Amino acid sequence: MKATPPGPEPTPPALALSVQTGSGIAAVPVTRPRLRRWVLAALQGDARITLRFVGTREGRTLNREHRGRDYATNVLTFAYDPLPAPPAGPSSTRRRTTAPPSPPVEADIVLCMPVIRAEARAQDKPLDHHLAHLVIHGVLHAQGFDHEDENEAQAMERLEAALLRRLRVPDPYAAERDGAH
Numbered sequence: 001m002k003a004t005p006p007g008p009e010p011t012p013p014a015l016a017l018s019v020q021t022g023s024g025i026a027a028v029p030v031t032r033p034r035l036r037r038w039v040l041a042a043l044q045g046d047a048r049i050t051l052r053f054v055g056t057r058e059g060r061t062l063n064r065e066h067r068g069r070d071y072a073t074n075v076l077t078f079a080y081d082p083l084p085a086p087p088a089g090p091s092s093t094r095r096r097t098t099a100p101p102s103p104p105v106e107a108d109i110v111l112c113m114p115v116i117r118a119e120a121r122a123q124d125k126p127l128d129h130h131l132a133h134l135v136i137h138g139v140l141h142a143q144g145f146d147h148e149d150e151n152e153a154q155a156m157e158r159l160e161a162a163l164l165r166r167l168r169v170p171d172p173y174a175a176e177r178d179g180a181h
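If you count the sequence shown from 1, position 32 lands on 32 in UniProt numbering, and the numbers rise without skipping.
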C-alpha cells in the first residue's frame, strides 16, 4: 500500500505593510521587522496594513471624528470591508491553507505613542510588550474581531494572550484576572 503524499505546506499570509509617523513622532520605537512579525502573528489571511504612529493631537482628533470620544486613545483600527471573524483559536491564527483565497484585509491601525508610553509606565511593563499587544489587538479588529460584549471580549483576550505567548510576551490580562490593577 502506497503512502499518501503529504498535502502542500501552508503558506504564510502575504502582507503589504506600510509604517508611517504623524507630526511630533520622530521615530518608530521598534524595528520594522519586529512590527511585521507582530502583524503576521495575528493575521489569518493576506493583508494590506498601515501602522501609523501618532501624537496626542492626531489621536484625539481621529477618536473624536470617528468614535465621538474627545480624548486620545491607545489604538484605533480603520478596517475597510472587514471580513467576519473566523473561529477563535491559536491554531487557526498562524497560517492559511490552500483554500480559495479571500480578499486581503485592508486596514489602517493608528497607535498613539504618548498614550501607549503612559500606559506602559502605569502598568509597569516594557514598552515593546505593550506595543506588541496593541498591534495584535488592532490586527484582530481589522479581521472582524470585537469586544462589544463580555463573551466577545473574553474570546478576543484569550486569543491575544495566546498570540503574545508565541512572541514571548506575557499575558497582558493576567493581572486583571488575578484581581490586581
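C-beta atoms are modelled at their ideal positions from N, C-alpha and C, and glycine is treated no differently. All of these numbers come straight from a predicted model, not from anything done at the bench.
Checklist entry - Which residues in the same chain as residue 169 place their Cβ atom closer than 6 Å to its Cβ, once the five residues preceding and following it in sequence are excluded? => result Looking up residue 169 in the sequence shown gives position 169. Excluding residues within five positions, the ones whose Cβ falls inside 6 Å are 129 and 132.
Checklist entry - In this structure, does DSSP put residue 148 in helix, strand or coil? => result Along the sequence shown, read from residue 1 onward, the residue named residue 148 stands at position 148. Residue 148: coil per DSSP, three-state reduction.
Checklist entry - With which residues is residue 106 paired in a DSSP beta bridge? => result On the sequence shown, position 106 is the one that residue 106 refers to. Residue 106 pairs with 48 and 80.
Item to check | Backbone secondary structure at residue 164 - three-state DSSP | outcome: Locating residue 164 in the sequence shown gives position 164, counting from the first residue. Residue 164: helix per DSSP, three-state reduction.
Item to check | Same chain, Cβ closer than 6 Å to residue 106, five either side skipped, listed in chain order | outcome: Along the sequence shown, one-based indexing puts residue 106 at 106. Cβ within range, chain order: 48 and 80.
Item to check | Nearest neighbour of residue 51, chosen from 62, 160, 165 and 39 [CA to CA] | outcome: By 1-based counting over the sequence shown, the position of residue 51 is 51. It is 39 whose Cα lies nearest to the Cα of residue 51.
Checklist entry - Since residue 142 and residue 109 are thought to touch, with beta carbons under 8 Å apart, how far apart are those beta carbons, to the nearest angstrom? => result Your numbering for residue 142 matches position 142 in the sequence shown. Your numbering for residue 109 matches position 109 in the sequence shown. That pair is a contact at about 7 Å.
Checklist entry - For residue 123, which of helix, strand or coil comes out of DSSP? => result Counted from its first residue, the sequence shown places residue 123 at position 123. If DSSP states are grouped into helix, strand and coil, residue 123 belongs with coil.
Item to check | Residue nearest to residue 44 in terms of C-alpha spacing, selected from 158, 147, 25 and 139 | outcome: Counting from 1 along the sequence shown, the entry for residue 44 is found at position 44. Closest option to residue 44, Cα to Cα, is 139.
Item to check | Cβ-Cβ separation, residue 35 to residue 135 (assumed contact under 8 Å), whole Å | outcome: As a working mapping, residue 135 is identified with position 135 in the sequence shown. As a working mapping, residue 35 is identified with position 35 in the sequence shown. At roughly 7 Å, the Cβ-Cβ gap stays under 8 Å, so residue 135 and residue 35 are in contact.
Checklist entry - Which value, in whole angstroms, describes the spacing of the CA atoms of residue 93 and residue 64? => result On the sequence shown, residue 93 is found 93 positions in, with the first residue counted as 1. On the sequence shown, residue 64 is found 64 positions in, with the first residue counted as 1. Residue confidence for residue 93 is low, a pLDDT of 43 falling below 50, so the modelled location carries little weight; the figure read from the coordinates is stated next. Distance between the alpha carbons of residue 93 and residue 64 is about 32 Å.
Checklist entry - By a C-beta neighbour count over all protein chains shown, 10 Å radius and 16 as the cutoff for buried, is residue 72 buried or exposed? => result Position 72 of the sequence shown, counting from 1, holds the residue named residue 72. Buried is the call here.
Item to check | N-terminal and C-terminal residue of the beta strand (DSSP E) that residue 41 is part of | outcome: Locating residue 41 in the sequence shown gives position 41, counting from the first residue. From DSSP, residue 41 is part of no beta strand (DSSP E) but of the alpha helix (DSSP H) over 32-42.
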